[in-house]
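Its first residue numbered 514, the sequence shown is counted upward by one per residue in our numbering.
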Amino acid sequence: MAKKRKVGNLLGLAVLSYLTQGPTHPYDLGRTLRAHGDDRSLKFTHGSLYMVFQQLEKAGFVAPVETGRAGLRPERTVYAMTDAGLRELRDWLRELVAEPEHEYPRFVTALSLIGALPPDEVVELLTTRLSRLTEVRASTRQEIDAALARDVHPLFLVEEEYRLALLDTEAGFVENLLGRIAGWRSAWSAAVSGGKS
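As structure tokens, then:
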């Protein structure tokens, strides 16, 4: 079971992870996250990043190490990870890697309610989704191959490989579902037409 954390936002975990490389300012870390493609697995704004730094500081996981000003720019505070922050990072990562957690993807919700739509429309929508999945899979594969060609260590591509595996699995599921809908069509159409259109 997931442990209650002082800072439960996964952006906080990313901040702690990057702080193992040395102290940084929130704005600089935001640029680094984007440059490394972490914005594909984490939703954040610069405002949310500053807020997470404040939460981590309050929890004792980071501490300011330097505050300065350059010209007319606002004051900049550089933060470093504390020993407590390093323990939290490792404990949190161990939990996330070892313990499967039930998540609530939007597509799963849509599938649970899909019977409210006519089967012909569902076939059209799933066909559109399958086409989009095929595009995203190809793009993701190209990104992985390009990174490997630049000698990026595979360790730094595992999240993209995982994303590709999920895309492959979802595409296979959608293809299978499209094939099965034909057998359900008459009963499904009757159920939908018996309700409101």
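C-beta atoms are modelled at their ideal positions from N, C-alpha and C, and glycine is treated no differently.
Note on the region 601-661: whole alpha helix (DSSP H) runs with a minimum of 4 residues are 619-626, in chain order. With at least 16 other beta carbons inside 10 angstroms of its own, GLY525 counts as buried. When the beta-carbon positions are compared, ARG650 and ALA684 come within less than 8 Å of each other. In the structure shown, VAL520 adopts coil according to DSSP, grouped into three states. DSSP places ALA515 in no alpha helix (DSSP H); its state is neither H nor E. When secondary structure is reduced to three states using DSSP, VAL591 falls in the strand class. Per DSSP, ALA576 lies in no alpha helix (DSSP H); the unbroken beta strand (DSSP E) holding it starts and ends at 575-581. By the C-beta criterion, the region 584-592 is judged to be in contact with the region 529-547, since at least 3 inter-stretch pairs fall below 8 Å.
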